[in-house]
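Undergrad:
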Amino acid sequence: MKRTKIKDLLNAVEGEVLVKGWVRTRRDSKGGFSFLEINDGSCLRNIQVIADHSIPNYSSIEKKMTTGSCISVYGKLVASQGKGQNKEVQAITIDVYGPSPVDYPLQKKRHSFEFLREIAHLRPRTNTFGAVMRVRNQLAYSIHQFFQKKGFVYLNTPIVTTSDCEGAGDMFQVTTLDILNPKCVDGKIDYSLDFFGEKTFLTVSGQLEGEIFSMALSDIYTFGPTFRAENSNTSRHLAEFWMVEPEMAFYDLDDNMDLAEEFIKFLLSEVMENCAEDMEFFNKRIDTTKLETLKNIIDNQFERLTYSDAIRQLKKSSEAFTYPVEWGLSLQAEHERFLSEKVFKKPVIVFNYPEKIKSFYMKLNEGGETVRAMDVLLPNLGEIIGGSQREENYEVLLERMKDKDLNPEKYWWYLDLRKFGSAPHSGFGLGFERMVQFVTGMDNIRDVIPFPRTPKHAKF
RNA sequence: UCCGGUGUGGCGCAAUGGUAGCGCAAUCGACUGUUAAUCGAUGUGUUAGAGGUUCGAGUCCUCUCACCGGAGCCA
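Remember, this note's numbering sits 138 above the position in the first sequence when you count from 1.
(1) Run the proximity test for ARG450: is its beta-carbon closer than 7 Å to any non-hydrogen atom belonging to the ligand NAD?
(2) Measure the alpha-carbon distance for VAL273 versus GLY505 and round it to whole angstroms.
(3) Between the beta-carbon of LEU260 and the beta-carbon of PHE419, is there less than 8 Å?
(4) In terms of alpha-carbon separation, which member of GLU399, ALA414, PHE284 lies closest to GLN439?
(5) Take LYS428 and list the residues in its own chain whose beta-carbon comes closer than 6 Å to its own, dropping the five residues that flank it on each side.
(6) Using a Cβ-Cβ cut-off of 6 Å (strictly less than) and excluding sequence neighbours within five positions of PHE285, which residues of its own chain qualify?
(7) How would you call PRO588, buried or exposed, if buried means at least 16 neighbouring beta carbons within 10 angstroms?
(8) Does the stretch 384–392 come into contact with the stretch 345–363, if we say contact requires no fewer than three beta-carbon pairs (one atom in each stretch) closer than 8 Å?
(9) I need the straight-line Cα distance from ASN369 to ASP585, nearest angstrom please.
(10) Give the secondary structure of LYS221 by DSSP, where H, G and I count as helix, E and B as strand, and everything else as coil.
(11) When you compare the CB positions of GLN186 and GLN223, do they come within less than 8 Å of one another, or not?
(12) Where do the ends of the alpha helix (DSSP H) carrying GLU474 lie?
(13) Report all residues from its chain with a CB closer than 8 Å to the CB of ILE193; omit the five preceding and five following residues, and keep chain order.
(14) In the DSSP output, which residue or residues are listed as bridge partners for TRP380?
(15) State buried or exposed for TRP160, treating a residue as buried only when at least 16 other CB atoms are found within 10 Å of its CB.
(16) When burial is assigned at 16 or more other CB atoms within 10 Å of the CB, is ALA189 buried or exposed?
(17) Can you grab the Cα-Cα spacing for the pair PHE576 / GLU521, in whole Å?
(18) Would you call the CB atoms of ILE487 and ARG442 closer than 8 Å?
(19) Going by DSSP, what residues sit across from ALA229 in a beta bridge?
(20) So the alpha helix (DSSP H) TYR445 belongs to, where does it begin and stop?
(21) Classify ALA561 as helix, strand or coil using the three-state DSSP reduction.
(22) Does the stretch 533–546 touch the stretch 395–415, meaning 3 or more C-beta pairs lie closer than 8 Å?
(23) Which residue's Cα is closest to the Cα of LEU346: LYS597, ARG556, LYS287?
(24) Report the three-state DSSP secondary structure of ASP308 (helix, strand or coil).
(25) With distance defined between alpha-carbon atoms, name the residue in ASP332, ARG538, ASP308, PHE310 nearest to ASN319.
(26) Locate the beta strand (DSSP E) running through THR338, then write down its first and last residues.
(27) Can you give the beta carbon distance from LYS483 to ILE436, rounded, assuming they're within the 8 Å contact cut?
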């Protein structure tokens with residue numbers, strides 16, 4: 139007989155079924171039977187199994203069916219006699235695949251997320267992590283759906299790269315050299331002997347390579363791992379995270395912002411529709427305003443304002459900021475939070491930032507003071523998207539690279555895109571884990587990725 | 001990396017410089033179509049590590065490590 143997943147079992151017709159999963163909790167009745175709650179991760183809910191002590195091998199498996207053990211139950215799906223569940227399985231036979239001794243760390247009690255991080259190999263068996271991972275999966279699926287429906291081409295950009303000055307932060311070096319005894323020339327390591335014949339790193343962004351393909355296939359998107367060697371110790375940063383980076387030919391900044399807004403709204407509505415049970419759980423246990431917040435975001439326009447207007451808004455407020463508010467200075471987290479949480483109380487897109495505080499590849503506005511950059515800020519989370527229209531003018535781009543002390547020779551191919559058939563184009567990057575964080579309401583980004591990599595932590 | 005905080009049974013926490021306790025979980029028993037079951041009993045400690053002050057340190061001092069919160073960097 140084929141095994142039925144619990145998710146399907148809860149809607150199945152009554153009759154004989156085969157259920158397999160892990161015991162969450164067990165309650166013994168002296169009426170001669172036990173209640174076993176089984177979970178197989180297919181959904182948040184458990185199925186209750188009634189194990190009558192008269193079933194054939196009961197005495198031999200009784201001690202093994204403890205919290206955490208894995209069992210297979212063949213039985214009858216029937217209407218429940220008790221309250222709390224509609225259906226339950228009356229066991230006919232039970233096999234124990236793997237018992238779970240008393241030192242099983244996940245006992246039937248509340249555990250802190252900090253503790254669960256130390257047992258990352260077992261935490262997927264908790265309600266919260268099961269729900270997080272199902273939502274994460276839905277988001278990944280919806281990302282592909284969104285772009286595929288629009289005719290975007292999914293592109294895999296390289297993970298090993300030679301670009302060491304993309305300006306997106308410190309990079310992890312990739313090498314096969316003997317680090318204790320590298321061959322040197324003139325006191326410097328001879329990278330011509332390294333695996334790739336030159337110094338290589340893990341990517342901090344697939345954007346520049348993405349632009350290459352948008353200048354051929356029009357609309358592309360990447361969705362892959364990204365690495366930053368920053369010594370960041372916050373609830374919003376990982377050294378290894380997943381990023382979604384669409385790049386669109388013939389999009390200006392307005393088109394770019396439209397796409398970003400539509401994208402976020404699509405993801406939120408898909409999750410609410412397809413992960414209703416898990417979202418109810420988050421709304422009950424993690425953040426009681428979550429569903430209301432998500433619905434409001436879906437139903438309302440994002441606020442869009444220029445950097446200059448943002449500065450004006452901040453200046454006229456009576457809020458006491460720690461950092462100064464002045465045109466030309468970066469917006470600090472406290473400023474961004476103030477705008478999205480206090481002033482507008484919804485997602486905010488700030489655009490047209492000062493040229494001096496943004497990257498070389500962003501398109502210069504007329505007047506040369508600002509660039510067509512945009513950040514999408516979510517209440518209680520902060521920056522989830524950073525993007526821009528790209529500079530497509532060869533001469534302007536070259537000048538900007540020189541201004542920012544970049545070596546144009548290293549970017550010869552990037553400049554070539556402007557030399558041969560250049561086109562206006564735009565793109566953005568969305569932090570996938572931050573999206574999972576926002577949707578679920580989980581406070582720490584380390585609790586929305588299966589195996590978090592942070593400074594001093596690469597276990598599992 | 002900077003600022004602040006924390007580190008004590010399996011887990012969550014308490015203990016004025018003076019005998020290390022409580023709750024949960026676990027184990028055993030009682031009771032029950034139970035459901036975060038209930039009731040009773042039982043066991044559980046190199047107080048993160050190293051050094052120092054003191055008659056005496058979980059508590060005070062120094063250093064190291066880890067974790068948490070905030071900041072910076074960013075997604």
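Where a beta carbon is used, it is the ideal one built from N, C-alpha and C, also for glycine.
TA: In short:
(1) The ligand content of the structure shown is nil, which means the ligand NAD is not present either.
(2) Position 135 of the first sequence holds residue 273. Position 367 of the first sequence holds residue 505. Each residue's alpha carbon lies about 45 Å from the other.
(3) Looking up residue 260 in the first sequence gives position 122. Looking up residue 419 in the first sequence gives position 281. For LEU260 and PHE419, no; Cβs fall outside 8 Å.
(4) As a position in the first sequence, residue 439 is number 301, starting the count at 1. Looking at the Cα atoms, GLU399 is the closest of the given residues.
(5) Taking the first sequence and counting its residues from 1, one reaches residue 428 at position 290. The residues are PHE420, ASN421, GLY579.
(6) Taking the first sequence and counting its residues from 1, the one referred to as residue 285 is at position 147. Closer than 6 Å at the Cβ level, and outside the excluded window around PHE285, lie TYR359.
(7) Start at 1 with the first residue of the first sequence, and residue 588 comes out as number 450. Looking at its Cβ environment, which holds fewer than 16 other Cβ atoms inside 10 Å, PRO588 is exposed.
(8) Contact between the stretch 384–392 and the stretch 345–363 is present: three or more C-beta pairs spanning the two stretches fall below 8 Å.
(9) Position 231 of the first sequence, counted from the start, is the residue given in the question as residue 369. Position 447 of the first sequence, counted from the start, is the residue given in the question as residue 585. Using only the alpha carbons, I get a separation of about 19 Å.
(10) Indexing the first sequence from 1 puts residue 221 at position 83. Under the three-state reduction of DSSP, LYS221 is assigned to coil, being neither helix nor strand.
(11) Taking the first sequence and counting its residues from 1, the one referred to as residue 186 is at position 48. Taking the first sequence and counting its residues from 1, the one referred to as residue 223 is at position 85. Cβ distance < 8 Å, so GLN186 and GLN223 count as in contact.
(12) Mapped onto the first sequence, residue 474 falls at position 336. Unbroken alpha helix (DSSP H) run through GLU474: 471–475.
(13) Your numbering for residue 193 matches position 55 in the first sequence. Here the set comprises ALA229, ILE230, THR231, ILE232.
(14) Translated into positions along the first sequence, residue 380 becomes position 242. Its beta-bridge partners are PRO363.
(15) Numbered from 1 along the first sequence, position 22 holds the residue referred to as residue 160. By the neighbour-count criterion, in which a residue is buried when 16 or more other Cβ atoms sit within 10 angstroms of its Cβ, TRP160 is buried.
(16) Counted from its first residue, the first sequence places residue 189 at position 51. Buried is the call here.
(17) For the purposes of this step, residue 576 is identified with residue 438 of the first sequence, where counting begins at 1. For the purposes of this step, residue 521 is identified with residue 383 of the first sequence, where counting begins at 1. In this structure, the CA atom of PHE576 is about 11 Å from the CA atom of GLU521.
(18) Translated into the one-based positions of the first sequence, residue 487 becomes position 349. Translated into the one-based positions of the first sequence, residue 442 becomes position 304. Between ILE487 and ARG442, the C-beta spacing is below 8 Å.
(19) For the purposes of this step, residue 229 is identified with residue 91 of the first sequence, where counting begins at 1. Per DSSP, the beta bridge partners of ALA229 are GLY213.
(20) Counted from its first residue, the first sequence places residue 445 at position 307. For TYR445, the enclosing alpha helix (DSSP H) covers residues 445–454.
(21) To locate residue 561, count along the first sequence from 1; it is residue 423. In the structure shown, ALA561 sits in coil (DSSP, three-state: anything other than H, G, I, E or B).
(22) In short, these stretches do not touch, since the Cβ pair count stays below three.
(23) Residue mapping note: residue 346 aligns to position 208 of the first sequence, counting from 1. The shortest C-alpha separation from LEU346 is found at ARG556.
(24) On the first sequence, position 170 is the one that residue 308 refers to. Residue state, collapsed to three classes: coil.
(25) Walking along the first sequence from the start, residue 319 turns up at place 181. For ASN319, the nearest C-alpha among the options comes from ASP332.
(26) Start at 1 with the first residue of the first sequence, and residue 338 comes out as number 200. Looking at the DSSP string, the run of the beta strand (DSSP E) that includes THR338 is 338–340.
(27) Position 345 of the first sequence holds residue 483. Position 298 of the first sequence holds residue 436. About 15 Å separates the beta carbon of LYS483 from that of ILE436, a gap too long to meet the 8 Å contact definition.
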